[in-house]
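Its first residue numbered 1, the sequence shown is counted upward by one per residue in our numbering.
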Amino acid sequence: MNNSVYTINKGINKSIEFKGLKAQYIWYFAAGMLILMILFVLLYLMGFHSYFCLVFILVTGTILLVKVYGWSNTYGEHGMMKAIARRKMPKLIKNHSRITFQHLTITAHESQY
């Protein structure tokens, strides 16, 4: 039996990388594979033909692999979280009243700047 050794950490203070997947995308891929295994069992228990189940899982697994590697290459370590946060920010804030600004006061701490 041949023992394989996989390198996971690339150095101190660098993100985890495994076969090209960076940081949280490793967990996304592992969760997707777990869901696909459960889906295979459910399809098989529901009475679908085993070849259909196998082909379906292989196709969806390939799609999962391509998407997760695409996200990892496109966004990097923290890019997806930044992109989601950027989408949630409003593009424009409208204020049609001066009442909001009339009650503002400058404190001693703010006046230093």
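Backbone N, C-alpha and C fix where the C-beta goes; we use that ideal spot for every residue, glycine too.
In this text the structure is predicted, and so the values were computed from the model without any measurement.
Contact annotation: residue 20 and residue 36 have beta-carbon atoms that are not nearer than 7 Å. Closest by C-alpha distance to residue 22, out of 77, 29, 90, is 77. Within the model, the alpha-carbon separation for residue 38 versus residue 68 is close to 19 Å.
Setting aside the 5 residues that flank it on each side, residue 50 is surrounded in the same chain by 44, each with a C-beta closer than 7 Å to its C-beta; the list follows chain order. Within the same chain, no residue comes within 6 Å of residue 41 by CB-CB distance, once the 5 residues on both sides are set aside.
In the DSSP assignment, residue 17 forms a beta bridge with 22. Judged by beta-carbon spacing, residue 32 lies within the 7 Å limit of residue 64, meaning their Cβ atoms are closer than that value.
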